[in-house]
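Participant: Here it is: the structure, laid out below.
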Amino acid sequence: MPLVHGTCLQAAVEDSYHDIYLPTGCGFSIWANLSESSYLPRLLSFLTKMAQVFLFEPSVGAKMPQAYQWQWIPTHLTLKQFEEFVLPHLHLGSRGPQPKLSLHAIFNYILKLLYLGCQWKELPIKQNKAGQPEIHYTRIYSAFRRFEAQGCFDAIFAETVVLLHQHEYLDISVIHGDGTMTAAKKGGDNLGFSGHKHLKGDKVVAFCDRNCNVIAPFISAPGNRNESPLLQAALPQVTRIAKTVGLNLNQTLVSLDGVYDSRANRKAIFNRGMMPNIPANPRGRNTPKRERKPIFDPAIFQERFYTIERVFAWEDKFRRLLLRFERISGLHYALKTLAYTMINLRHFCQG
C-alpha cells in the first residue's frame with residue numbers, strides 16, 4: 269500500500285492505486301478504497317480536506333502546528349533527563365542509611381504505576397541476581413508519599429512551564445480552560461455525586477495554551493460542585509505561574525465553554541487584563557439580555573476541541589487516572605500533576 273502525501277493524492281488516483289493510506293498527523297492513518305468510481309469524487313474531496321488540515325508541504329514553506337509536531341507522551345525518563353528535570357526538585361534526606369536503589373529507578377517505578385494503572389503490590393519490579401525483587405513495593409510507595417508531602421511534584425510541574433517558556437514552546441495568545449471529572453470507586457475525601465453524569469467522583473479545572481501545554485496547576489472540587497464558581501479560584505493560579513515565569517497575559521483571550529458564562533467570571537477575567545471568549549448561555553438568565561453582546565469568536569472557541577480536550581485525552585493514557593482508587597485526594601492529585609508534567613516534557617523527551 270503506498271503512503272500518499274496531500275499533494276500526491278491526485279497522482280495516486282491517476283496511477284490507478286486502489287488502496288491508499290493517508291497519514292493524519294496524530295499517529296493513525298486513513299484507509300480508502302478508490303476502486304468504486306461512483307464514490308471517487310466525494311472521497312477525493314474528503315481526503316484532500318483532511319490532508320490540508322493535518323499535513324504540511326515543506327517545499328511550500330507552510331509550518332505545521334506545533335501541537336502536531338510531536339505527540340508522544342513519555343512514560344519513562346533516562347538518567348540524563350531525570351537529573352535535568354526531576355532531581356533538582358527532590359528533597360534529599362541527610363539522615364538514615366543510603367537507599368539500595370537510586371532515586372532515578374524509584375521515580376521510574378512511580379511513572380510505571382501511573383502508566384499501567386496497576387495496584388502498588390502488583391507493580392512489576394525487576395529481580396536481582398538472587399532472584400528477589402530489587403526493592404519492595406512499600407518502599408516505592410513511601411517515597412511517593414514523601415515526594416507528595418514535600419511538594420516535589422508541584423515544583424517539577426512549575427519548572428516544566430519555565431522550560432517551555434525559555435524554549436519558546438508556549439503560545440499564550442489564547443489559553444483554553446475546561447473541567448474534567450474522574451469517577452471514584454473506593455470512596456475518600458473531596459468526593460461528591462454528580463446528578464448530571466450519575467457517578468461519584470471529583471472534578472478539576474485546568475488551563476492549556478494553543479500548543480496543548482498545561483500552563484497552570486488545576487483546581488479540584490467534589491463532583492457535585494458546579495464548574496462555574498471554580499474559575500475564580502483557578503485564575504489566580506494562572507496569574508501566579510505567569511508572574512513566576514515572566515509571561516505577559518495582557519490582552520490574552522481566555523476561551524471557555526458556556527457553563528462559565530456569568531458576570532462574575534467575566535469580571536474576574538477582565539480584572540486580570542485578559543479578555544473572555546465565552547459563548548452566551550441562555551440558561552444563565554431569566555430574561556433576554558438587552559445590552560451589547562459580549563465579544564465572542566467561534567473560530568477560537570473551536571480550538572478547544574484539539575487543545576484542552578486533547579490534553580484530557582492524553583491524560584487518559586495514564587490508566588491510573590481513569591478511575592480514582594486513592595482515598596486521600598492529595599495522592600490522586602499528585603499523580604494527575606505528574607501526568608501533566610509528562611505532557612509538558614514531551615518536547616524534551618523525544619525518543
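The number in the numbering used here is simply the position in the sequence shown, starting from 1, with 268 added. The beta-carbon is built from N, C-alpha and C at its ideal position, and this holds for glycine as well. Note that the structure is predicted; figures quoted are calculated from it, not measured.
(1) Taking the alpha-carbon of ALA484 as reference, which of GLU427, GLU402 and HIS615 has the nearest alpha-carbon?
(2) Could you check what DSSP says for LYS471 in three-state terms: helix, strand or coil?
(3) Can the beta-carbon of THR524 be found less than 7 angstroms from the beta-carbon of GLY455?
(4) With distances taken from CA atoms, which of ILE440, PRO562, GLU583 and TYR409 is nearest ILE546?
(5) Starting from GLY460, follow the beta strand (DSSP E) in both directions and report where the run begins and ends.
(6) From ALA602, LEU603, VAL522 and ARG534, pick the residue whose C-alpha is nearest to that of ILE576; which is it?
(7) Tell me whether MET610 sits in a helix, a strand or coil according to DSSP, three-state version.
(8) How is the alpha helix (DSSP H) around ALA417 delimited, first residue to last?
(9) If you draw a straight line from the C-alpha of ALA502 to the C-alpha of LEU358, how long is it?
(10) Could you give the distance in angstroms between the alpha-carbon of HIS466 and the alpha-carbon of GLU583?
(11) Which complete alpha helix (DSSP H) runs does the stretch 434-515 hold, if anything under 4 residues is left out?
(12) Considering PRO566, what are the terminal residues of the alpha helix (DSSP H) in which it resides?
(13) Can you find at least 3 beta carbon pairs, one from the stretch 382-393 and one from the stretch 401-416, that sit closer than 8 angstroms?
(14) Which residues in the same chain have their Cβ closer than 8 angstroms to the Cβ of GLN395, if we skip the five residues on either side of it in sequence?
(15) The beta strand (DSSP E) spanning ASN549 covers which residue range?
(16) Take ILE341 and list the residues in its own chain whose beta-carbon comes closer than 7 angstroms to its own, dropping the five residues that flank it on each side.
(17) Taking one C-beta from the stretch 490-502 and one from the stretch 430-438 each time, how about it: are there three or more such pairs within less than 8 angstroms?
(18) When we look at the beta-carbon of PRO544 and count the other beta-carbons within 10 Å, is it buried (16 or more) or exposed?
(19) At least one CB of chain B closer than 7 angstroms to the CB of LEU589: is that the case?
(20) Just the C-alpha distance for GLY447 and GLY399, rounded to the nearest angstrom, thanks.
(21) May I ask you to list the residues that DSSP assigns as paired with SER523?
(22) Closer than 7 angstroms by C-beta to LEU590: which residues in its own chain qualify, once you throw out the five before and the five after it? Chain order, please.
(23) Once you ignore the five residues that flank HIS600 on each side, which residues in its own chain have a CB closer than 7 angstroms to its CB?
(24) Taking ASN549 as the reference, give the member of ASN533, ILE537 and ASN539 with the closest Cα.
(25) I believe VAL442 touches GLU571 by the beta-carbon criterion, under 8 angstroms. Please report the beta-carbon distance rounded to the nearest angstrom.
(26) Using the beta-carbon count (16 or more within 10 Å), is SER538 buried or exposed?
(27) In whole angstroms, what separates the C-alpha of LEU459 from that of LYS397?
(28) Determine the burial state of ASP477: buried for a count of at least 16 other Cβ atoms within 10 Å of its Cβ, exposed for fewer.
Facilitator: In short, the structure shows the following:
(1) Your numbering for residue 484 matches position 216 in the sequence shown. Answer by Cα proximity: GLU427.
(2) Reading the sequence shown from its first residue, position 203 is the one you call residue 471. In this structure, LYS471 counts as strand in the three-state DSSP scheme.
(3) Counted from its first residue, the sequence shown places residue 524 at position 256. Counted from its first residue, the sequence shown places residue 455 at position 187. In the sequence on display, residue 524 carries Leu and not Thr. Contact: no.
(4) Here residue 546 is taken as the residue at index 278 of the sequence shown, counted from 1. For the residues ILE440, PRO562, GLU583 and TYR409, the minimum Cα distance to ILE546 belongs to PRO562.
(5) Position 192 of the sequence shown, counted from the first residue, corresponds to residue 460. Looking at the DSSP string, the run of the beta strand (DSSP E) that includes GLY460 is 460-462.
(6) On the sequence shown, residue 576 is found 308 positions in, with the first residue counted as 1. Nearest option by C-alpha distance: VAL522.
(7) Here residue 610 is taken as the residue at index 342 of the sequence shown, counted from 1. Residue state, collapsed to three classes: helix.
(8) Locating residue 417 in the sequence shown gives position 149, counting from the first residue. From DSSP, the alpha helix (DSSP H) with ALA417 extends over 405-417.
(9) Here the question's residue 502 lines up with position 234 in the sequence shown. Here the question's residue 358 lines up with position 90 in the sequence shown. When rounded, the distance between both Cα atoms is 26 angstroms.
(10) Along the sequence shown, one-based indexing puts residue 466 at 198. Along the sequence shown, one-based indexing puts residue 583 at 315. Cα to Cα, HIS466 sits roughly 22 angstroms from GLU583.
(11) 499-513
(12) Against the sequence shown, residue 566 aligns to sequence position 298. Unbroken alpha helix (DSSP H) run through PRO566: 566-570.
(13) yes
(14) Residue mapping note: residue 395 aligns to position 127 of the sequence shown, counting from 1. Cβ neighbours of GLN395 beyond the five flanking positions: PRO401 and GLU402.
(15) One-based indexing of the sequence shown puts residue 549 at position 281. Taken as a continuous stretch (DSSP letters only), ASN549 belongs to no beta strand (DSSP E), as it is neither H nor E.
(16) Locating residue 341 in the sequence shown gives position 73, where the first residue counts as 1. Same-chain partners within the cutoff: TRP582, LYS585, MET610, ILE611 and ARG614.
(17) no
(18) Reading the sequence shown from its first residue, position 276 is the one you call residue 544. Buried, since its Cβ has 16 or more Cβ neighbours within 10 Å.
(19) Reference to chain B is not applicable here, since this structure consists of a single protein chain.
(20) Within the sequence shown, the letter at position 179 stands for residue 447. Within the sequence shown, the letter at position 131 stands for residue 399. In a straight line, the C-alpha of GLY447 is about 46 angstroms away from that of GLY399.
(21) One-based indexing of the sequence shown puts residue 523 at position 255. DSSP output for SER523 lists HIS444 and ASN545 as bridge partner(s).
(22) Counted from its first residue, the sequence shown places residue 590 at position 322. Around LEU590: GLY385 and ASP584.
(23) Numbered from 1 along the sequence shown, position 332 holds the residue referred to as residue 600. These residues qualify, in order along the chain: ARG592 and GLU594.
(24) To locate residue 549, count along the sequence shown from 1; it is residue 281. Cα-wise, what sits closest to ASN549 is ASN533.
(25) Reading the sequence shown from its first residue, position 174 is the one you call residue 442. Reading the sequence shown from its first residue, position 303 is the one you call residue 571. Contact holds; Cβ gap of about 7 angstroms.
(26) On the sequence shown, position 270 is the one that residue 538 refers to. A quick correction: the sequence has Phe, not Ser, at residue 538. By the 10 Å Cβ count, PHE538 comes out exposed.
(27) Here residue 459 is taken as the residue at index 191 of the sequence shown, counted from 1. Here residue 397 is taken as the residue at index 129 of the sequence shown, counted from 1. Whole-angstrom Cα-Cα distance: 45 angstroms.
(28) On the sequence shown, position 209 is the one that residue 477 refers to. So ASP477 counts as buried.
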